[in-house]
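Engineer: Protein chains in written order, with this note's numbering: chain A, 25 to 694; chain B, 25 to 479; chain C, 5 to 329.
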Amino acid sequence: MDSILRVSGLITQLHNGARIVDDISFGINAGETYALLGESGCGKSMTALSLLRLLPDGVVRAGGTAQLDGVDLFGLRESDMRAVRGGTSAMIFQEPGLSLNPVMTVGAQIAEVLALHQDMRGMAAQQRCIALLDQVGIPDAARRVTEYPMQLSGGMKQRVMIAMALAGQPKLLVADEPTTALDVTTQAQVLQLLRDTQSASGMSILLITHDLGVVAQMAHQAGVMYAGQIVEQASRAQLLSRPLHPYTQKLLAALPDANQRNRALAAIPGSVPALGSITRGCRFAARCDQAWALCNEQTPAWTVLNDGHGVRCHLYGNTGLRTRDLVPSPQPPAFSLQPPVPSHQPSALLQVKDLRVHFPIRKGILKTVVGQVKAVDGVSLEIPQGRTLALVGESGCGKTTLGKALLQLIPPTAGSVQFAGHELTGLDARKLRARRSTMQMVFQDPYASLNPKMRVAEILEEGMTALGLHGDSSARQSLVDSLLDQVGLARISKWRYPHEFSGGQRQRIAIARALAVSPRLLICDEPTSALDVSVQAQILNLLKSLQQQLGLSYLFITHNLAVVEYLAHEVCVMYLGRIVERGTAEEVLRKPRHPYTQALLSAVPRIDGAQTERIRLEGDLPSPSNPPPGCHFAPRCSHATELCRRAYPENKMFSSTHGAHCHLYPDIPD
Amino acid sequence: MSFMPVILWSDALVFLLLAAGISCAWYVRQHEHLLLPWRRVAQNPTAMVSLLVLSLFLLVGLLDTLHYRVLLPENNNGQKVYSPEVLSVFDKLLAPLRTHTEKTYSAPLAMTLYAKESISEANGLVSREYPRLRYGGAHLSDPQQRDGDVLKRGLSGALAGLLAGLLIALSGKRPLARHGWPVRPLLIATLIIFTVIGMTADLAGAYHVLGTDKVGQDVLYLSLKSIRTGLIIGTVTTLVTLPLALLLGIAAGYLRGWVDDVIQYIYTVLSSIPSVLLIAAAVLMMQVTIDTHPQWFDTSASRADLRLVFLCLILGVTSWTGLCRLLRGETLKLREMEYIQAAQAFGVPSLRILTRHILPNVMHIVLISLVMDFSGLVLAEAVLSYVGVGVDPSMISFGTMINAARLEMGRDPVVWWALASAFGFMLALVLAANLFADAVRDAFDPRLNRSAVAA
Amino acid sequence: MLAYLLRRILYAIPILIGVNLLTFALFFVVNTPDDMARMQLGIKRVTPEAIAKWEHQHGYDKPLLLNFSASGTGKISDTIFWQKSAGMFVLDFGYSDDGRNIGREISTRMGPSLAIALPTFLVGLVVYVSFALLMTLFRGTALDIAGVGLCVLLMSVSALFYIIGGQFVVSKLWHLVPISGYESNLGAVKFVVLPIFIGVIGSIGSSSRWYRTIFLEEIGKDYVRTARAKGLSEMAVLFRHVLKNAMIPILTGVVVVIPLLFMGSLLTESFFGIPGLGSYTIDAINAQDFSVVRAMVFLGSLLYIVGLILTDISYTIVDPRVRLQ
């Protein structure tokens with residue numbers, strides 16, 4: 025097969041000589057997708073930017089060659105290179121919201137490409153823009169072409185980016201994390217669009233991603249990057265069924281799913297080494313449980329096995345002493361099957377009834393209230409002691425607002441929140457403070473959740489001091505020590521500041537901070553969504569073992585269904601401020617009843633290839649300020665009937681625990 | 025005692041600032057993460073050379089802030105009588121410069137006045153010639169010797185300065201290098217500065233190095249005295265700006281609601297008045313008050329000083345709004361940060377959240393804005409004094425110097441030295457302040473840091 | 005949109021009232037009318053009769069805020085506050101302390117002020133933006149570093165020296181234009197050239213550096229990378245994408261000063277003897293004419309608020325995000 029892109033020996037480095045991309049070689053065949061897989065900071069984006077010569081200031085390419093369709097990219101003059109960019113090779117980026125010019129219409133931005141590379145102007149260009157928008161599945165393209173990016177949803181913006189890329193009829197599309205910023209249902213749409221476009225136009229795709237699920241759906245070939253190098257390269261099937269490099273093996277094992285429920289996940293200890301810090305030996309050696317002396321001394325060479333599977337590891341090289349006696353990595357320890365649910369107290373720890381959080385919309389000269397954003401609109405739920413309830417939903421469905429309203433960080437508009445029988449809503453600050461210690465929160469962004477100006481010890485002590493817990497300061501200090509032990513951080517780290525820790529370590533500190541006041545319920549708001557897969561596994565393991573030890577309850581707010589499968593006992597699915605389906609994890613995830621749950625589940629890219637038929641969702645999440653009449657999901661639901669558009673469905677119970685708000689199911693008598 | 029220490033209002037405020045500055049520095053030294061950005065400043069050669077220049081200015085300003093009144097020989101029925109003239113330690117050090125006043129203009133290093141005068145000689149003849157100066161070059165009998173004498177004094181002074189500079193530089197070299205400071209640029213700057221100082225000092229003993237002005241005062245002395253005024257305007261103003269901006273900005277951003285509305289209203293009103301006009305109006309009203317209450321002041325210095333302090337006050341009132349708006353915006357952003365919400369989830373009281381979480385995280389903005397404002401204030405003083413709404417006309421400042429000298433540009437031949445030295449001294453002060461401020465901003469602004477890391 | 009603008013305009017009223025109260029407090033509460041009369045009359049001629057006469061002549065013999073001796077609306081209107089301040093809202097500025105109609109002075113002096121301020125503003129904008137674009141285009145190179153250094157140097161020089169130096173070199177040494185003065189109509193050209201030139205040079209340092217910072221901030225954004233990835237040349241990226249987006253922060257600082265151009269420049273006008281509002285203000289300050297200073301304060305804040313409203317309008321033109329909200 026003829027290859028469209030051939031990269032060899034690519035080196036990209038900082039001005040100080042630290043190598044971000046270190047000697048990378050790969051090729052992409054015409055009409056195929058090559059996925060570059062890796063965790064954050066491994067140099068995969070810089071590889072892509074090096075190819076198009078779009079490196080940011082301060083980063084330079086220091087070696088290597090790249091042939092795109094027979095043209096030596098690095099030998100071109102800058103003016104000729106401009107014909108390649110957007111012409112032979114187009115690129116789309118991670119943040120569609122930031123990647124479009126906010127003050128130019130969508131049409132004008134696409135027309136720029138047409139004028140540059142197709143020499144098309146005026147009416148013809150206008151027509152072509154509309155056709156392109158139509159092609160990427162934007163409804164009402166003729167109107168959208170005159171709109172500005174801010175008028176489009178995130179998924180729409182990424183479609184516009186794709187249309188812009190297609191405008192130059194590229195032979196290679198470089199897609200840098202094209203779906204990372206999108207919700208899972210939107211991600212499924214965009215990935216489908218990329219596949220459709222590829223089969224229609226025969227272009228190749230260089231897909232950069234951290235998501236093994238995306239690789240499984242999209243790639244023909246894949247390369248795994250670690251610390252600036254490609255450590256393994258194979259076809260998708262080879263990579264997923266028989267990963268060779270210990271890093272790849274661990275990445276696959278670190279993915280949470282239902283099968284691992286009662287086991288700890290295979291987390292990779294530590295984090296990715298700093299740029300250029302390792303010059304000798306294997307870069308993964310420090311985190312590898314199969315490493316031996318040679319790995320630290322000698323840099324492993326690139327080894328290609330008979331089936332074309334390439335790997336950079338001493339286990340497979342000629343120098344490796346143990347080439348064939350592959351030791352299977354030890355199974356992670358199993359958790360005890362039975363969660364220690366206190367038998368004497370079956371009643372709910374947290375009981376929420378008909379909770380509402382509405383934000384007024386003010387307009388006009390006098391800023392009068394003209395409407396309400398119903399962020400949380402009548403939510404009821406219960407969490408028993410020692411159990412995990414997962415609250416699942418896409419961005420904008422109100423799940424974070426709900427979490428904050430439970431903690432009374434946002435005053436609820438109506439409804440009741442009872443903790444262990446005590447009502448929390450409407451308490452004054454002093455009475456509320458007395459209840460604060462029972463319920464705490466772990467936030468999404470570990471970089472924003474720790475005050476950069478406070479030492480770890482001060483951060484951990486803050487809650488105890490504010491709530492007057494745990495006696496004097498020496499008692500608190502010893503508690504700080506034991507908290508750090510508990511979350512797996514060295515005691516010495518209490519004298520350090522947050523910026524000295526990695527994302528995963530910061531999340532451990534955040535968890536320790538919440539634990540410091542001995543809460544019985546933790547509200548975890550997407551605690552792993554900002555973390556890499558290997559670090560996510562560490563945090564999930566930690567949360568699970570803490571639940572075992574301390575009998576904690578969790579309200580786990582997430583959009584990641586794989587995490588739900590691994591962690592949750594019960595699941596609530598939220599759509600536009602309301603819970604549309606609830607039940608045990610088994611019930612909701614195996615036998616979803618609500619069409620929205622079904623769509624959500626089918627959109628998750630799975631690595632086992634056991635892809636159920638995808639249910640495509642039409643359009644985007646409606647605005648919570650103006651929800652559709654009747655069932656909120658009706659406008660996007662393929663099963664919707666006249667009744668759905670008219671009346672909001674009652675809760676239908678399928679078992680004593682499983683229920684959904686949907687007209688599809690007849691009332692089932694108890 | 026042969027003198028009585030005098031603490032003018034501005035002196036007290038300077039001491040207050042100094043104490044605040046020293047305690048801040050001590051606090052920063054105790055906290056590694058606060059020291060970190062300062063280390064970045066310390067590694068910047070431009071910043072450190074600027075700081076060296078600034079600290080010389082500061083030294084002059086501080087010496088000029090220690091005021092006293094001399095005991096007069098006569099006494100009033102056993103009661104001590106002090107001179108109405110308030111002097112400073114700096115005046116004492118430069119006593120010759122201060123007291124050696126000529127009759128009128130003389131050019132730099134001149135031995136004669138700048139204009140011919142009719143001199144009636146002993147024999148009754150009246151001739152027009154350049155009269156010799158009373159002090160400038162008075163030790164020479166023959167004007168022909170001047171060039172040689174200037175050269176000799178200049179060289180010997182430069183040499184002495186160079187030696188002194190070398191001594192200081194060599195003793196400071198090792199500790200500087202240990203902290204990773206830019207040794208070589210600092211070394212060179214020290215040598216140059218000390219050479220210039222040595223040369224000037226030696227020449228100033230016998231000449232008016234920068235000439236004299238209309239009433240015969242030494243221009244070098246005037247320029248040096250102007251430094252204190254500029255520094256006070258640039259720094260004491262912060263005592264007004266800082267609490268107003270910090271308190272109101274953070275309160276508006278954190279509490280929102282009606283507090284925010286009221287504070288926004290206040291600063292919109294204040295910033296909508298063109299600041300020059302507001303200052304002019306306020307200073308005019310102040311002048312009326314001062315003029316109608318002469319009994320408040322025992323010396324003319326204390327009257328001029330009150331006007332200076334008041335000018336700082338009114339400059340502060342007109343200039344806090346910008347910082348306040350910045351801080352309000354930043355606080356609005358910070359209050360949504362997750363660590364603030366985590367604190368709220370612990371029931372940490374608002375005041376504690378403000379002091380422990382918000383305040384430390386806006387301090388970099390405060391610092392950057394203060395150092396950036398300094399040079400603007402020094403420049404503003406000159407303009408305001410020129411317009412007549414700045415410092416008291418009797419107070420020596422760059423503005424009053426320029427005001428007095430500007431008509432001289434119309435003379436023929438032109439009298440350029442007073443303006444030139446005001447220009448030179450101001451440029452050195454403001455440029456050093458600007459360069460230092462840039463370095464501070466680069467070191468403290470998190471947005472700029474990120475690009476520096478990538479580079 | 006319209007409601008938004010209307011709200012902004014309504015919001016201006018309490019601000020103007022605030023300005024008025026503030027100036028009123030400054031002028032009449034800090035010092036009593038007696039003090040002012042003494043001040044104006046000079047120390048020697050102060051007799052109670054002279055003070056009373058002066059106060060009566062200038063309308064300062066009324067109560068400050070409320071007149072209890074008057075009846076009806078007179079309670080409010082027959083006071084110093086009402087007499088001296090209320091008229092300003094309908095642009096009736098009253099008479100100066102030496103008896104001239106301030107409103108007429110303002111309208112005749114606006115012309116010369118604008119003749120200098122407007123060209124300075126326009127030429128300056130073009131020069132500063134071009135210089136900043138040049139530095140941005142060559143960012144990181146020696147040219148950029150030298151440019152920034154020049155900016156810092158230029159902004160460290162007091163405006164006074166630009167004027168004095170410019171007058172000295174251009175007018176006195178080279179005799180290119182007259183040092184100062186003004187003529188109406190075309191004759192004005194030779195008098196305004198130098199002030200405009202100096203005005204532009206005077207703030208080249210701070211303005212260009214500010215614009216450069218804005219451009220650099222924009223150029224680091226993701227959409228610029230997208231534009232480059234399309235194959236656009238660096239010039240096209242700068243002019244078509246960066247400049248358009250940078251307009252938004254630039255407008256914030258620029259539009260608000262446009263109405264204030266009417267006020268003229270205090271320094272320039274007094275140095276060059278331009279009979280504009282700036283020199284009018286300076287003369288009033290030197291003559292301690294409080295009525296004129298008060299009128300100028302009010303006029304200045306009125307124009308500033310007009311500037312704020314214009315800024316809001318300009319946003320809606322430039323930024324679709326504001327327009328479409």
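Built from N, CA and C at the ideal position, the CB exists for glycine as well.
Expressed to the nearest angstrom, what Euclidean distance is found between the alpha-carbon atoms of M465/A and Q375/A?
Structural biologist: 17 Å
Engineer: For L641/A versus I547/A, is the C-beta spacing smaller than 9 Å?
Structural biologist: no
Engineer: What residue range is occupied by the uninterrupted beta strand (DSSP E) comprising I44/A?
Structural biologist: 43-53
Engineer: Per DSSP, what kind of secondary structure is W178/C in: helix, strand or coil?
Structural biologist: When secondary structure is reduced to three states using DSSP, W178/C falls in the coil class, being assigned neither helix nor strand.
Engineer: According to DSSP, I382/B sits in a beta bridge with which residue or residues?
Structural biologist: In the DSSP assignment, I382/B forms no beta bridge with any residue.
Engineer: Is S440/A close to chain C? Criterion is C-beta to C-beta, closer than 9 Å.
Structural biologist: no
Engineer: On a CA-only basis, which of G222/B, L40/B, Y278/B is nearest R352/B? Give me that one, please.
Structural biologist: Answer by Cα proximity: Y278/B.
Engineer: Taking CB distances under 9 Å as the criterion, tell me whether I286/C reaches chain B.
Structural biologist: yes
Engineer: Check whether the stretch 57-64 of chain A and the stretch 106-116 of chain A are in contact - that is, three or more C-beta pairs closer than 8 Å.
Structural biologist: no
Engineer: Could you have a look at D102/C and say whether DSSP puts it in helix, strand or coil?
Structural biologist: coil
Engineer: What residues match up with Q396/A in a beta bridge as DSSP calls it?
Structural biologist: P384/A
Engineer: Tell me which residue opens and which closes the beta strand (DSSP E) that A325/B is part of.
Structural biologist: For A325/B, no beta strand (DSSP E) run applies; the uninterrupted alpha helix (DSSP H) run containing it begins and ends at 324-358, by DSSP.
Engineer: Measuring alpha carbon to alpha carbon, tell me which of S506/A, G527/A, G528/A ends up nearest K518/A.
Structural biologist: Nearest C-alpha to K518/A: S506/A.
Engineer: Tell me whether V30/B is buried or exposed, calling it buried when 16 or more other Cβ atoms sit within 10 Å of its Cβ.
Structural biologist: buried
Engineer: Mind pulling the chain B residues with CB within less than 8 Å of Y215/C?
Structural biologist: Chain B residues near Y215/C: none, gap ~16 Å exceeds 8 Å.
Engineer: Under 9 Å, Cβ to Cβ, is there at least one residue of chain A near A478/B?
Structural biologist: For A478/B, the pLDDT reaches just 34, beneath the cut-off of 50, and the residue's location in the model is therefore unreliable, although a value from the coordinates is still provided. Yes, its Cβ sits closer than 9 Å to a Cβ of chain A.
Engineer: Once the 5 residues before and after L89/C are set aside, which same chain residues still bring their CB inside 7 Å of it?
Structural biologist: Going by the sequence as given, residue 89/C is Ser instead of Leu. Excluding residues within five positions, the ones whose Cβ falls inside 7 Å are N24, F28.
Engineer: Per the DSSP calculation, T89/A is bridged to which residue(s)?
Structural biologist: When DSSP reads this structure, T89/A sits in a beta bridge with S32/A.
Engineer: How is the alpha helix (DSSP H) around I192/B delimited, first residue to last?
Structural biologist: 170-202 is the extent of the alpha helix (DSSP H) around I192/B.
Engineer: Report the option in A282/A, I533/A, C596/A, V130/A whose CA atom is closest to the CA atom of I407/A.
Structural biologist: Of the listed residues, the one whose Cα sits closest to I407/A is C596/A.
Engineer: Can you find a CB in chain C that lies within less than 9 Å of the CB of L68/B?
Structural biologist: Sequence check: residue 68/B is Asn here, not Leu. Judged by the 9 Å Cβ criterion, N68/B is not in contact with chain C.
Engineer: Can you confirm whether N125/A, when its beta carbon is compared against all beta carbons of chain C, has any partner nearer than 9 Å?
Structural biologist: yes
Engineer: What residue range is occupied by the uninterrupted alpha helix (DSSP H) comprising M188/A?
Structural biologist: 178-191
Engineer: For a cutoff of 9 Å on Cβ pairs, would you count A16/C as touching chain A?
Structural biologist: no
Engineer: When DSSP labels each residue in this structure, what does G344/A get in the three-state scheme?
Structural biologist: Model confidence at G344/A stands at a pLDDT of 48, short of 50, so the residue's coordinates are unreliable and nothing is read from them.
Engineer: What residues from the stretch 313-343 of chain B come within 7 Å of chain C, judged by C-beta to C-beta, listed N to C?
Structural biologist: Those residues of the stretch 313-343 of chain B that come within reach of chain C (Cβ to Cβ, closer than 7 Å) are T313, D315, T316.
Engineer: Using a beta-carbon distance below 9 Å, is F422/B in contact with chain C?
Structural biologist: yes
Engineer: Could you name the residues of chain A that M361/B contacts, counting a contact when the two beta carbons are closer than 7 Å?
Structural biologist: A472
Engineer: By the criterion of Cβ-Cβ separation under 9 Å, what are the contact partners of P384/B in chain A?
Structural biologist: N475, P476, K477, M478
Engineer: Taking Cβ-Cβ distances shorter than 8 Å, what residues in chain A pair up with P253/C?
Structural biologist: Neighbours of P253/C on chain A: none; closest Cβ ~12 Å, over 8 Å.
Engineer: What is the DSSP secondary structure of M450/B, reduced to helix, strand or coil?
Structural biologist: helix
Engineer: Under 9 Å Cβ-Cβ, which residues of chain A neighbour A231/C?
Structural biologist: N125, Q133, E136
Engineer: Along the stretch 206-225 of chain B, where does the CB come closer than 9 Å to a CB of chain C? Name the residues.
Structural biologist: none
Engineer: Here's the rule: buried if 16 or more other CB atoms are within 10 angstroms of the residue's CB, otherwise exposed. What is Y215/C?
Structural biologist: By the 10 Å Cβ count, Y215/C comes out buried.
Engineer: Throw me the rounded Cβ distance for the G423/B and N290/C pair, which I believe falls under 8 Å.
Structural biologist: With 8 Å as the limit, G423/B and N290/C do not qualify as a contact, their Cβ atoms being about 15 Å apart.
Engineer: Using a threshold of 9 Å, state whether the C-beta atoms of T5/B and E56/B are closer than that.
Structural biologist: Nothing can be reported for residue 5/B, as the shown portion of chain B is limited to 25 through 479.
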